[in-house]
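Residue numbers (our numbering), protein chains in the order written: chain A, 1 to 76; chain B, 77 to 474.
Here is the structure we will look at, set down as structure tokens.
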């Protein structure tokens with residue numbers, strides 16, 4: 001799921017719980033959905049790892065050919 | 077005559093000949109020079125002299141053309157202008173009639189820039205409807221820039237300083253010179269063949285307008301437009317605007333700003349998600365509390381009628397008891413009174429009187445009770461009621 005989508009769903013869940021007068025079972029569903037979306041968002045926020053690479057080319061089947069970028073080359 | 081073979085011109089002919097030659101040869105030319113002696117008479121036309129270090133030429137810009145310029149002509153201003161030589165025959169003078177001018181500095185480049193900008197705008201390449209949204213949380217960012225330039229240094233500084241944890245792919249390209257546009261285009265195409273790059277940053281650090289020129293290149297503009305991946309332009313300083321900025325999905329004023337945009341977003345998003353999650357939990361807790369209250373109230377309301385029913389029951393029993401007791405008492409009391417009454421009744425009964433020896437005398441015809449002697453005549457028949465019978469009698473005397 002895209003981050004934007006999960007965030008939007010989380011926002012909707014919050015709004016529903018805060019404003020709508022839902023019956024207990026429906027409210028529980030909304031709450032659980034919200035918690036799930038919060039988890040999806042957090043996972044995506046935490047997932048990515050820092051990596052800096054140089055892109056040298058892309059193979060025929062769409063695979064990147066890369067090499068690690070040496071940050072020292074930037075130091076003056 | 078010494079010069080029989082030589083043609084003798086009249087002044088008019090000569091002037092006409094010069095006019096023809098000059099105006100044909102200099103019908104459409106670009107000229108660069110400094111403005112001086114500028115006057116704008118009431119006609120609205122602008123007359124001035126264009127000069128350089130050693131020469132000068134008179135020039136005029138007619139009102140309707142002058143008003144189309146995006147700037148005001150001023151003394152001392154260097155301009156690049158387009159026009160034609162015109163000879164004014166009555167005075168034998170020539171001058172430049174200009175139809176376009178722009179401030180010099182980057183004159184020719186500026187002209188090319190304006191022209192390309194106008195053309196691409198007309199084609200709709202800058203239209204808002206083509207702008208792709210830049211993802212809130214890009215996981216993989218492609219950067220098209222020089223691997224040794226100021227732009228990549230600024231971007232990586234910001235990204236690493238803030239622990240952004242972003243996967244960065246750099247496509248190394250030259251960002252100035254004749255080769256630059258081709259390399260930038262190729263890099264953009266390369267990134268677009270990768271399936272998982274979320275956003276591209278295309279740019280370079282500051283420099284002269286000539287240095288930034290690759291980003292005013294038409295092929296670069298078209299490949300940015302064609303990119304499937306959203307493109308953030310980040311060229312030079314805040315004041316520098318390039319064609320790439322206009323066609324990109326988002327313009328960052330500088331490469332640092334582009335990096336901040338991405339990184340800042342992430343920090344904000346962590347905060348946003350945390351706040352939303354807290355609100356979600358609070359809303360849920362509040363709902364639960366509210367339901368608990370309602371439940372308690374409902375329970376109270378449920379208990380109440382049972383209690384009240386018991387109370388009613390008790391009252392009913394009481395009332396029933398009181399009622400039956402009261403009725404019984406009533407009956408007893410009534411019975412006593414009845415018996416007394418019956419006794420009284422019996423004592424008052426005429427039959428009892430008769431039994432004691434009294435008699436009742438009645439007129440035999442009218443059956444009226446006779447209480448005095450005046451009620452009867454002698455010889456009249458009367459009925460005399462005694463105990464257990466009646467006597468038919470005749471009054472003999474009174």
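Note that CB positions come from ideal geometry on N, CA and C, so glycine has one too.
Owing to the predicted nature of the structure, the values given are computational and were not obtained by experimental measurement.
Beta strand (DSSP E) segment containing residue i, residue limits
| i | result |
| --- | --- |
| residue 136 of chain B | 132-137 |
| residue 468 of chain B | 465-470 |
| residue 158 of chain B | 154-164 |
| residue 58 of chain A | 51-58 |
| residue 151 of chain B | Counting along the chain, residue 151 of chain B falls outside any beta strand (DSSP E), and DSSP gives it neither H nor E. |
| residue 276 of chain B | 275-280 |
Three-state secondary structure (DSSP) of residue i
| i | result |
| --- | --- |
| residue 432 of chain B | coil |
| residue 110 of chain B | strand |
| residue 438 of chain B | strand |
| residue 317 of chain B | coil |
| residue 397 of chain B | helix |
| residue 241 of chain B | coil |
| residue 456 of chain B | coil |
| residue 97 of chain B | helix |
| residue 193 of chain B | helix |
| residue 214 of chain B | coil |
| residue 262 of chain B | helix |
| residue 84 of chain B | coil |
| residue 329 of chain B | coil |
| residue 461 of chain B | strand |
Distance between beta carbons of residue j and residue i, contact taken as under 8 Å
| i | j | result |
| --- | --- | --- |
| residue 281 of chain B | residue 312 of chain B | 7 Å |
| residue 157 of chain B | residue 107 of chain B | 6 Å |
| residue 261 of chain B | residue 221 of chain B | Actually they do not touch by this definition, with Cβ atoms about 14 Å apart. |
| residue 134 of chain B | residue 169 of chain B | 7 Å |
| residue 165 of chain B | residue 91 of chain B | 5 Å |
| residue 440 of chain B | residue 468 of chain B | 7 Å |
| residue 332 of chain B | residue 203 of chain B | So it is not a contact: roughly 28 Å between Cβ atoms. |
| residue 323 of chain B | residue 297 of chain B | 5 Å |
| residue 210 of chain B | residue 321 of chain B | With a Cβ gap of about 14 Å, residue 210 of chain B and residue 321 of chain B do not count as contacting. |
| residue 300 of chain B | residue 278 of chain B | 7 Å |
| residue 338 of chain B | residue 214 of chain B | 6 Å |
7 Å CB neighbourhood of residue i in its chain, flanking five on each side removed
| i | result |
| --- | --- |
| residue 267 of chain B | 218, 247, 273, 276, 305 |
| residue 113 of chain B | 124, 125 |
| residue 94 of chain B | 163 |
| residue 303 of chain B | 264, 268, 276 |
8 Å Cβ shell around residue i - same chain, five flanking residues per side excluded
| i | result |
| --- | --- |
| residue 9 of chain A | 33, 34, 37 |
| residue 453 of chain B | 471 |
Cβ-based neighbour list, residue i, same chain, cut-off 6 Å, excluding 5 preceding and 5 following
| i | result |
| --- | --- |
| residue 110 of chain B | 127, 154 |
| residue 139 of chain B | 120, 121 |
| residue 3 of chain A | 44 |
| residue 437 of chain B | 446, 458, 460 |
Unbroken alpha helix (DSSP H) run spanning residue i, endpoints
| i | result |
| --- | --- |
| residue 8 of chain A | 3-19 |
| residue 124 of chain B | From DSSP, residue 124 of chain B is part of no alpha helix (DSSP H) but of the beta strand (DSSP E) over 122-127. |
| residue 40 of chain A | 24-47 |
- Message: Between the stretch 235-244 of chain B and the stretch 339-358 of chain B, can you find at least three pairs of beta-carbon atoms closer than 8 Å?
- Response: yes
- Message: Below 8 Å, how does it come out for the stretch 49-67 of chain A and the stretch 351-366 of chain B: are there three or more Cβ pairs, yes or no?
- Response: no
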